[in-house]
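Since the structure comes first, as structure tokens, the remarks are kept for the end.
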Amino acid sequence: GAGLPMQRSLAAAALEPLDDEEVFLAQLHRRARLLNEGFLHKVIAAIRKHTVEDSAAALAAAAGRGHSDPSVVELLCQFCGADAGPAPVEVHAAPIKTVARMREKLNEYRSAAAAGGSGSEPGAAWPLAASILDPVRLSVVVDGPARILEVVAWFTGGGGCGGVDGAAAEAAARRTGLPVCRVKNKFGFRREDVVGGYRDVMLCVVYTGGDGLGIIGEIQVQDRTLHDLKLKMHKLYKIQRSKDANIA
Numbered sequence: 001g002a003g004l005p006m007q008r009s010l011a012a013a014a015l016e017p018l019d020d021e022e023v024f025l026a027q028l029h030r031r032a033r034l035l036n037e038g039f040l041h042k043v044i045a046a047i048r049k050h051t052v053e054d055s056a057a058a059l060a061a062a063a064g065r066g067h068s069d070p071s072v073v074e075l076l077c078q079f080c081g082a083d084a085g086p087a088p089v090e091v092h093a094a095p096i097k098t099v100a101r102m103r104e105k106l107n108e109y110r111s112a113a114a115a116g117g118s119g120s121e122p123g124a125a126w127p128l129a130a131s132i133l134d135p136v137r138l139s140v141v142v143d144g145p146a147r148i149l150e151v152v153a154w155f156t157g158g159g160g161c162g163g164v165d166g167a168a169a170e171a172a173a174r175r176t177g178l179p180v181c182r183v184k185n186k187f188g189f190r191r192e193d194v195v196g197g198y199r200d201v202m203l204c205v206v207y208t209g210g211d212g213l214g215i216i217g218e219i220q221v222q223d224r225t226l227h228d229l230k231l232k233m234h235k236l237y238k239i240q241r242s243k244d245a246n247i248a
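In this text, residue positions in the sequence shown follow our numbering: the first is 1, and each later residue adds one.
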């Protein structure tokens, strides 16, 4: 009957292998949705270890330092490096990476591999989805390079107030509960290698939720001036990225 060809078509489709990357992307996106809030709270808790007493009151008393966005968490932290003293630290939450953007990243990895090199990006080892290290992400914003380095040290154990020793990274991981698995310092990149034109220090950390479910998340440590400029230029960057995708 007329339904037989359709049945055969459906049966053939059922026998076709699933797109493994799509399965991995769906799983990664679902995991990001489950763990995003806990990741944000874990990072904030790690930064709170460096706040001065009565941080909220001190910030309220600092004229002009309040933040108009209620979704931004602002803390007053004690710095011990070149710019010693209390200074504000802002934690900006970000939406989880969409599946569509994850697919774009996979295509970028494939293109980089086909070109014979991947620059600052991960390699094209299967599964490509394993190279997506920012399904959950946030920004930590401070004033100036010295404070950027000190915030990085809070998570990596390198430099900062406490100096460095052989067990610094392990001690930092125990202190924050967020072991660092990758550091990308975009201040050291060539101009043509800086995606979007913005420089920061990106930390990839391992977050494990209360039920044992884990994910790798990204902490972008940014200079306040560059961060404010990035917010103003973000729409233009999205248009340019869309244009490049259409050309490809």
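Every residue gets a Cβ at the ideal spot worked out from N, C-alpha and C, and that includes glycine.
CA-CA distance, Ala100 to Leu236, rounds to 19 Å.
Fewer than three beta-carbon pairs drawn from the segment 137-144 and the segment 170-188 are found closer than 8 Å, and the two stretches are therefore not classed as touching. Comparing alpha carbon positions, the residue from Asp83, Lys105, Ala146 and Val89 closest to Leu76 is Val89. DSSP places Leu28 within a helical segment (H, G or I) once states are collapsed to three. The DSSP assignment places complete beta strand (DSSP E) segments of no fewer than 3 residues inside the segment 186-225 at 201-208 and 214-223, in order along the chain. Counting only residues of its own chain and dropping the five nearest sequence neighbours on each side, Asn36 has a CB closer than 6 Å to the CB of Ile96 and Val136. Cβ contact annotation for His50 (same chain, cutoff 7 Å, sequence separation greater than five): Cys77, Gln78 and Trp154, in chain order.
Look at Lys184 here: in three-state DSSP terms it is strand.
Sequence-distant partners of Lys230 (beyond 5 residues in either direction) whose C-beta falls short of 7 Å from its own C-beta, in its chain, are Tyr198.
About 6 Å separates the beta carbons of Arg182 and Leu133, which is inside the 8 Å limit, making them a contact pair.
Separation of Ala115 and Glu22 (C-alpha to C-alpha, rounded to the nearest whole angstrom) is 23 Å. The continuous beta strand (DSSP E) containing Leu76 extends over residues Val72 to Phe79. Annotation: Val52 is outside any alpha helix (DSSP H) and is labelled neither H nor E by DSSP. For Ala84, the closest C-alpha among the options Glu150, Ser131, Trp126 and Leu128 is that of Glu150. Shortest Cα-Cα distance from His29 to any of Arg103, Val91 and Ala93 involves Arg103. About 7 Å separates the CB atoms of Leu203 and Val152; that is less than 8 Å, so the two are in contact. Around the beta carbon of Gln222, a 10 Å sphere encloses 16 or more other beta carbons of the protein chains shown; the residue is thus reported as buried. At least 9 Å separates the beta-carbon of Leu106 from that of Ala125. When Val201, Gln27, Glu192 and Lys232 are compared, the shortest CA-CA separation from Thr156 is found for Val201.
Going by beta carbons, Ile148 and Val91 fall outside the 9 Å limit. Under a 10 Å Cβ-count criterion, Glu192 is classified as exposed, with fewer than 16 other Cβ atoms of the shown protein chains found around its own Cβ. For Gly38, the three-state secondary structure derived from DSSP is helix. With 16 or more neighbouring CB atoms inside 10 Å of its own CB, Ala87 falls in the buried class.
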